[in-house]
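Novice:
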Amino acid sequence: METFSVIPSPKVSDTVVELYNAVLSFHQLVENSDECFLLDNEALYDICFRALKLTTPTYGDLNHLVSAAMSGVTCCLRFPGQLNCDLRKIAVNLVPFPRLHFFMTGFAPLTSRGSQQYRALTVPELTQQMFDAKNMMCAADPRHGRYLTAAALFRGRMSTKEVDEQMLNVQNKNSSYFVEWIPNNIKASVCDIPPKGLKMAVAFAGNSTAIQEILGESSASARPQGKRAN
Numbered sequence: 001m002e003t004f005s006v007i008p009s010p011k012v013s014d015t016v017v018e019l020y021n022a023v024l025s026f027h028q029l030v031e032n033s034d035e036c037f038l039l040d041n042e043a044l045y046d047i048c049f050r051a052l053k054l055t056t057p058t059y060g061d062l063n064h065l066v067s068a069a070m071s072g073v074t075c076c077l078r079f080p081g082q083l084n085c086d087l088r089k090i091a092v093n094l095v096p097f098p099r100l101h102f103f104m105t106g107f108a109p110l111t112s113r114g115s116q117q118y119r120a121l122t123v124p125e126l127t128q129q130m131f132d133a134k135n136m137m138c139a140a141d142p143r144h145g146r147y148l149t150a151a152a153l154f155r156g157r158m159s160t161k162e163v164d165e166q167m168l169n170v171q172n173k174n175s176s177y178f179v180e181w182i183p184n185n186i187k188a189s190v191c192d193i194p195p196k197g198l199k200m201a202v203a204f205a206g207n208s209t210a211i212q213e214i215l216g217e218s219s220a221s222a223r224p225q226g227k228r229a230n
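At position 170 of the sequence shown the residue is numbered 170 (the UniProt record's numbering), and the sequence of numbers has no breaks.
1. With three or more beta-carbon pairs closer than 8 Å as the criterion, would you say the stretch 134-144 touches the stretch 99-107?
2. How do the stretch 151-164 and the stretch 183-198 stand: do at least 3 beta-carbon pairs fall below 8 Å, yes or no?
3. So what does DSSP say about residue 26, is it helix, strand or coil?
4. Looking only at its own chain, which residues have a Cβ that is under 7 Å from the Cβ of residue 84, when we skip the five neighbours before and after it?
5. Might you give, ordered along the chain, the residues of its own chain that have their beta carbon closer than 6 Å to the beta carbon of residue 102, omitting 5 neighbours on each side?
6. Using a Cβ-Cβ cutoff of less than 8 Å, which residues in the same chain neighbour residue 143 once the five nearest sequence positions on both sides are dropped?
7. Applying the 10 Å Cβ sphere with the 16-neighbour rule, what's the burial state of residue 184?
8. By a C-beta neighbour count over all protein chains shown, 10 Å radius and 16 as the cutoff for buried, is residue 110 buried or exposed?
9. Distance check for residue 27 and residue 221, CA to CA, integer angstroms please.
10. What residues are listed by DSSP as bridge partners for residue 150?
11. Just to confirm my understanding: we take residue 203, look at its own chain, exclude 5 residues before and 5 after, and list those with CB closer than 7 Å. What are they?
12. Could you pull the start and end residues of the alpha helix (DSSP H) that residue 123 belongs to?
13. Kindly give me the distance between the Cβ atoms of residue 65 and residue 44, rounded to whole angstroms, as I take these residues to be in contact under 8 Å.
14. Determine the contact status of residue 207 and residue 168, defining contact as a CB-CB distance below 7 Å.
15. Between residue 57 and the rest of its own chain, which residues show a CB-CB distance below 7 Å, the 5 nearest in sequence each way excluded?
16. Three-state secondary structure (DSSP) at residue 136?
17. Would you kindly work out how many angstroms separate the C-alpha atoms of residue 131 and residue 150, rounded to a whole number?
18. Counting C-beta neighbours from all protein chains within 10 Å, is the total for residue 92 16 or more, i.e. buried, or is it exposed?
19. Might you give, ordered along the chain, the residues of its own chain that have their beta carbon closer than 6 Å to the beta carbon of residue 213, omitting 5 neighbours on each side?
20. I'd like to know whether the C-beta atoms of residue 120 and residue 199 end up nearer to each other than 7 Å.
21. Determine, using beta carbons only, whether residue 1 and residue 25 come nearer to each other than 7 Å.
See the structure below:
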């Protein structure tokens, strides 16, 4: 079972019990899901505010980013590709141990609702944006941990050779951010059909030890509420 799970943030909502409910769901996500793509309202809000220059982001703006990431991860179910993969292959390549199935999620290029990309990005530019901590859709910095595995799901007409070269280049340049005991731990796929309004795009899923930041912070923030409830 695959889930896209959104961690709440007080920046977007002031409903007190949201975080409490999210933390109580963690146990079920650990035990009963096979792949959990984590998204975080705080990170989505920051992307809208900082990258997309939206002064007052709404839930519609946040949902636009979430839908882009979800569409990118699941596009292999709907469209053909040169180097396609399905959700089972993603799970096989991203989950080294059954309980370690919480993924950091990203997408490039980032665009706001109704806007279009005026310049087509190259594969190296997409790769650079994809691994940029500021483009991650959850409030955890991958530089504070190490990648066990990662998946890059490209969309659009591009050279699979160039994609493979870029993935190898990323690993060679940033070897300290990847565990050494899982070789060739970036899975790349290419779907021929790009998203509407874009020539090329990429969705990212990273199984990084840095994900503990967001899980730990959520638990710590909910603890005072639990004490008051008692």
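Yeah, the Cβ is synthetic: ideal placement off N, Cα and C, and Gly gets one too. Values in this document were obtained by computation on a predicted structure and should not be read as measured data.
Specialist: Judging by the given coordinates:
1. yes
2. yes
3. helix
4. Residues of the same chain with a CB within less than 7 Å of the CB of residue 84, apart from the 5 flanking positions on each side, are 76, 189, 191 in chain order.
5. Contacts found: 36, 38, 211.
6. 133, 177, 210
7. So residue 184 ends up on the exposed side.
8. buried
9. 17 Å
10. DSSP lists 186, 206 as partners of residue 150.
11. 69, 72, 73, 107, 153
12. 123-130
13. 5 Å
14. no
15. 45, 48, 49
16. In the structure shown, residue 136 sits in a strand (DSSP, three-state: E or B).
17. Between the alpha carbons of residue 131 and residue 150 lies a gap of roughly 10 Å.
18. exposed
19. 140
20. yes
21. no
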